[in-house]
Structures are given as structure tokens and as C-alpha cells.
Amino acid sequence: QQQVKQSPQSLIVQKGGISIINCAYENTAFDYFPWYQQFPGKGPALLIAIRPDVSEKKEGRFTISFNKSAKQFSLHIMDSQPGDSATYFCAASISNFGNEKLTFGTGTRLTIIP
Amino acid sequence: NAGVTQTPKFQVLKTGQSMTLQCAQDMNHEYMSWYRQDPGMGLRLIHYSVGAGITDQGEVPNGYNVSRSTTEDFPLRLLSAAPSQTSVYFCASSYYGQGSETQYFGPGTRLLVL
């Protein structure tokens, strides 16, 4: 059972455009929602994360929008650049004592074209 | 700091062979974990540890063993490799406790079981 559903599977965006990746979760006990960025041949790296007490978090060109009632959250990349081309994973966890059990989405391969 | 290191980078095994994937971190992190990454399935948690001498199962533990004798090392053992274990394996570490959200991933080990 996929507890975190991610879409789309792949995305092509023109340079300067907005990239949007969506995730939906089922377990209402999740209270930490990170996004990881992975370049080919590398391990994932934390990009940005949000907790459900806020509806939006922005860091530079990257924004997470969170809708608790709909159990959905999304990543927006503004002014997308070729260097943003990577695979993006959303994730969720229950932070009892930490965030040890991350449940990941299936990933979105983002390609930014000139 | 070297961060999270994994060896080997690539390994080919025959069905039934055993091997150990090595993972080490030099950040004094209490929490360490192993994930496997398969196309279209994201990352799935295999085993994790919240400190030396303490391990627990994740989502897909069958066929894998772990131990944690030191804070720094968290090896993953395949006792009898099967083609279904062909995957890319990532080790991750983090501090353990509220506010310790960021998990740091190693570069991965690509395993092919024939």
C-alpha cells in the first residue's frame, strides 16, 4: 500500500518556468513532510521540509504548499533552471522522537529545457 | 567530515552468494538506516538503528540482516542473494530526537544479482 502518492512521474519544463510536483498522503499521523532532490549517481539530499502547522514554506526559488484537510502537499520551483534537472522525492514521517521512518513517494524526474 | 560513506560502489553477485554492504558516518549521528531504491517505487526502508546495539525492521526487511556495534558503522548483510535484491542501496544517518529532521544519505551501492 502506497502511503505517499506522487505525481507526475516525469515533468519537462522550460527554463524560467514553474515546476510543480504533487504528493498526497493517507496517514493523518504524519507530521513532517520533506522533499529530497537526487542527481544521477548521487544519494538524495534534503531540499526543503514543512510541518502541518503552516500552509506554506519558501526557501529561495523552492516553495512547499501544504493542505492539511486535503492531505496534500506540493513543491513549486520558480524560475526553473537547467541545474534543477533531477529526481525529486516527497516523503512523510511521524516524529515521535525523530524522523526515523521516512515513507517516500515514487519520485518525479524533472527536466528543465533551455 | 566525509559524511556518510558506502562501499562498494558497485557489486555483481550470483544467486545464493552472501555479501556485506558497508556504511560509515563520521557525524556522531545516533540514527542510521538502509533504504533500497527501485525504479518506480521510490526509496523503501529496510532496517534502521537508533543507537549502538539497537536495530529494528523497516518496510522491506526480508533477506537482510543488520547489526550496530558502534555509532559509526551500520553494515547490511545479504545472507543468500536473490535476483529480487538487485537494486541501489542507500545508507542514511541523522541525529535522533525532535528537531533532528535532516537525514544525510550516502552515495549508494549498486547491486546486481544474477
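Chains A and B are the protein sequences, given in the same order.
Mapping the first sequence onto this note's numbering, position 84 (from 1) lands on 84, and the numbers just tick up by one.
Mapping the second sequence onto this note's numbering, position 48 (from 1) lands on 48, and the numbers just tick up by one.
Don't be surprised by glycine CBs; every beta carbon is placed ideally from N, CA and C.
Please tell me whether residue i has its Cβ less than 7 angstroms away from any Cβ of chain B.
i: residue 82 of chain A; result: no
i: residue 70 of chain A; result: no
i: residue 44 of chain A; result: yes
i: residue 29 of chain A; result: no
Residue j and residue i - do their beta-carbons sit closer together than 7 angstroms?
i: residue 37 of chain B; j: residue 88 of chain B; result: yes
i: residue 76 of chain B; j: residue 64 of chain B; result: yes
i: residue 78 of chain A; j: residue 20 of chain A; result: no
i: residue 104 of chain B; j: residue 16 of chain B; result: no
i: residue 62 of chain A; j: residue 50 of chain A; result: no
i: residue 69 of chain B; j: residue 29 of chain B; result: no
i: residue 25 of chain B; j: residue 107 of chain B; result: no
i: residue 4 of chain A; j: residue 105 of chain A; result: yes
i: residue 80 of chain A; j: residue 13 of chain A; result: yes
i: residue 177 of chain B; j: residue 114 of chain B; result: For residue 177 of chain B there is no data in the structure shown, the boundaries of chain B being 1 and 114.
Name the chain B residues whose beta carbon is nearer than 7 angstroms to that of residue i?
i: residue 105 of chain A; result: 42
i: residue 49 of chain A; result: 101
Determine, using beta carbons only, whether residue i comes closer than 7 angstroms to chain A.
i: residue 5 of chain B; result: no
i: residue 72 of chain B; result: no
i: residue 53 of chain B; result: no
Just how far apart, CA to CA, sit residue i and residue j?
i: residue 91 of chain B; j: residue 56 of chain A; result: 30 angstroms
i: residue 28 of chain A; j: residue 74 of chain A; result: 17 angstroms
i: residue 32 of chain A; j: residue 33 of chain B; result: 18 angstroms
i: residue 50 of chain B; j: residue 18 of chain B; result: 26 angstroms
i: residue 80 of chain B; j: residue 110 of chain B; result: 17 angstroms
i: residue 66 of chain B; j: residue 54 of chain B; result: 10 angstroms
i: residue 113 of chain A; j: residue 107 of chain A; result: 19 angstroms
i: residue 36 of chain A; j: residue 101 of chain A; result: 15 angstroms
i: residue 73 of chain B; j: residue 20 of chain B; result: 12 angstroms
i: residue 60 of chain A; j: residue 83 of chain B; result: 43 angstroms
i: residue 11 of chain B; j: residue 59 of chain B; result: 23 angstroms
In chain B, which residues lie with their C-beta within 9 angstroms of the C-beta of residue i?
i: residue 89 of chain A; result: 42 and 43
i: residue 25 of chain A; result: None at all; the shortest Cβ gap to chain B is about 13 angstroms.
i: residue 34 of chain A; result: 101, 102 and 103
List, in order along the chain, the chain A residues whose C-beta lies closer than 8 angstroms to that of residue i?
i: residue 58 of chain B; result: 101
i: residue 107 of chain B; result: 41, 42 and 43
So which residues on chain B does residue i lean against when the C-beta distance must stay under 8 angstroms?
i: residue 140 of chain A; result: Outside the shown range of chain A, which is 1 to 114, sits residue 140 of chain A, and nothing can be said about it.
Taking C-beta pairs closer than 9 angstroms, name the residues in chain A that residue i reaches, listed in chain order.
i: residue 90 of chain B; result: 43 and 44
Can we say the stretch 14-25 of chain A touches the stretch 43-60 of chain A, given the rule of at least three CB pairs closer than 8 angstroms?
Output reads no: the stretch 43-60 of chain A does not touch the stretch 14-25 of chain A.
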